[in-house]
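Number of protein chains: 2
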Amino acid sequence: MISINYRDGRPIYEQVRDGYRQLIITGVLPMGSKMPSVREVSASLTVNPNTIQRAYRELEAEGYIVSVPGKGSFVAERGEADSIRREELLSRFRTLLPELRQVGTNKDTLVNLIEEEYNV
Amino acid sequence: MISINYRDGRPIYEQVRDGYRQLIITGVLPMGSKMPSVREVSASLTVNPNTIQRAYRELEAEGYIVSVPGKGSFVAERGEADSIRREELLSRFRTLLPELRQVGTNKDTLVNLIEEEYNV
DNA sequence: TTAACTGTATTAAGCCACTTAATACAGTTA
DNA sequence: TAACTGTATTAAGTGGCTTAATACAGTTAA
Numbered sequence: 001m002i003s004i005n006y007r008d009g010r011p012i013y014e015q016v017r018d019g020y021r022q023l024i025i026t027g028v029l030p031m032g033s034k035m036p037s038v039r040e041v042s043a044s045l046t047v048n049p050n051t052i053q054r055a056y057r058e059l060e061a062e063g064y065i066v067s068v069p070g071k072g073s074f075v076a077e078r079g080e081a082d083s084i085r086r087e088e089l090l091s092r093f094r095t096l097l098p099e100l101r102q103v104g105t106n107k108d109t110l111v112n113l114i115e116e117e118y119n120v
Numbered sequence: 121m122i123s124i125n126y127r128d129g130r131p132i133y134e135q136v137r138d139g140y141r142q143l144i145i146t147g148v149l150p151m152g153s154k155m156p157s158v159r160e161v162s163a164s165l166t167v168n169p170n171t172i173q174r175a176y177r178e179l180e181a182e183g184y185i186v187s188v189p190g191k192g193s194f195v196a197e198r199g200e201a202d203s204i205r206r207e208e209l210l211s212r213f214r215t216l217l218p219e220l221r222q223v224g225t226n227k228d229t230l231v232n233l234i235e236e237e238y239n240v
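Sequence lines, in order, name chains A and B.
Anchor point for the first sequence: position 8 equals 8 in my numbering, and the numbering is continuous, going up by one each time.
Add 120 to a position in the second sequence, counting from 1, and you land on the number used in my numbering.
If you want it as structure tokens, here you go:
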């Protein structure tokens, strides 16, 4: 379902977390669908179960999945999870702007990039 | 001159590097001016000299300062350094856009943030 | 009911980046 | 000459990430 990159400096649990978050946000994993079990992901990626557990724990804290002992983990209803994530991304966006301006980035350059993104 | 935050998860050398880069970009440290010596910063922040040396080494690699053994480190001419940094920031900006869109961020929200930033 | 699954928790160990520490060397400057 | 500068090296400590080996409780299908 997802893949990890050992040359990536980021911890494996972050790569797993971000990978599944992306699958959920893009709708590849629809609401209510069952996530692969911790042990399944662990086996398919040849990674310790504890590492996957940590990724799932964080996804649950973010509101993207719901874990039920004995049953499994399931993709949660979105909405609140998205708004939490949106604020996080907007915060990074706002941080980026003054820095871009300081190094001489043109305003139109940025607006054009946005136009391109939304005109697809 | 700058401060570091131990609760921040980022390494100290990154905080020092980013802090001085900011001082240079904003013009607080003008072109050609002398940077505080590695030992001075080390003493004022109560941090090992090697840690500061690493921050300076990276700032020099980025083109923001020039270090001369025996004389000191000096703020370099900007231009090339800024363009390297600008591409770095633009890359992050481009990465952020599809993610923001996916979680339902409105295009005008982003454009307005840019307008505000540049209308100051 | 039993067997095989599920999430969850714990303890111990290893690895590696970051950091500290203690020196050392060469060039510069007052 | 003495005190500064950047730079380099080696050794050790710390903490986060990861692995490993279990264990427990709840769920589910045979």
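Quick reminder that beta carbons are idealized off the backbone N, C-alpha and C, glycines included.
All values reported here derive from a predicted model rather than from experimental measurement.
Straight-line spacing of the CA atoms in B/Asp228 and A/Ala43 works out to 44 Å. About 5 Å separates the Cβ atoms of A/Arg85 and B/Val223, confirming a contact at the 8 Å cut-off. With a threshold of 16 other beta carbon atoms within 10 Å, B/Met151 falls short and is exposed. A distance below 7 Å between beta-carbons, with the five flanking residues on each side excluded, links B/Ser157 to the following residues of its chain, in chain order: Gly192. Here B/Ser162 carries a helix assignment [DSSP, helix/strand/coil].
Within 8 Å of the CB of B/Asp202, the CB atoms of chain A belong to Val103 and Gly104, in sequence order along the chain. Distance from the CA of A/Ile4 to the CA of B/Asn239, rounded to the nearest whole angstrom, comes to 42 Å. For a Cβ distance threshold of 7 Å, nothing in chain A lies close to B/Val148: the least Cβ distance comes to about 12 Å.
Listed along chain A is no residue with a C-beta nearer than 7 Å to that of B/Tyr126; the closest approach is about 21 Å. Under the Cβ criterion of 7 Å, B/Arg206 is counted among the residues facing chain A.
Of all C-beta pairs linking the region 127-142 of chain B to the region 78-92 of chain A, fewer than three are shorter than 8 Å, placing the two stretches out of contact.
The beta carbon of A/Gln53 sits closer than 8 Å to the beta carbons of Val38 from its chain, once the five residues preceding and following it are set aside; these are given in chain order. Here DSSP, grouped into helix, strand and coil, assigns B/Lys227 to helix. If you ignore the 5 residues before and after A/Ser33, its C-beta comes within less than 8 Å of the C-beta of Phe74 and Val75, all in its own chain and listed in chain order. B/Asp128 has its alpha-carbon roughly 26 Å from the corresponding atom of A/Gln22.
Within its own chain, the residues whose Cβ lies closer than 7 Å to the Cβ of A/Leu45, once the five positions on either side in sequence are excluded, are Ile4, listed in chain order.
DSSP places A/Ser33 outside both helix and strand once states are collapsed to three, so it counts as coil. Taking the C-beta atoms as reference points, B/Tyr184 is found no nearer than 7 Å to B/Ile122. For A/Gly19, there is no enclosing beta strand (DSSP E); the residue is found in the alpha helix (DSSP H) stretching over Ile12 to Ile25.
Uninterrupted beta strand (DSSP E) stretches at least 3 residues long and entirely within the region 81-107 of chain A do not occur.
Interface criterion met: the Cβ of A/Leu97 is under 7 Å from a Cβ in chain B.
Contact of B/Val231 with chain A by beta-carbon distance below 7 Å involves Val111 and Ile114.
A/Ile4 sits in coil when the DSSP states are folded into three classes, being neither helix nor strand. Contact check for B/Glu182 against B/Ala201 passes: the beta carbons are separated by less than 7 Å. The Cβ atoms of A/Ser67 and A/Glu77 lie no closer than 7 Å to each other. At a cut-off of 7 Å between beta carbons, A/Leu89 contacts chain B.
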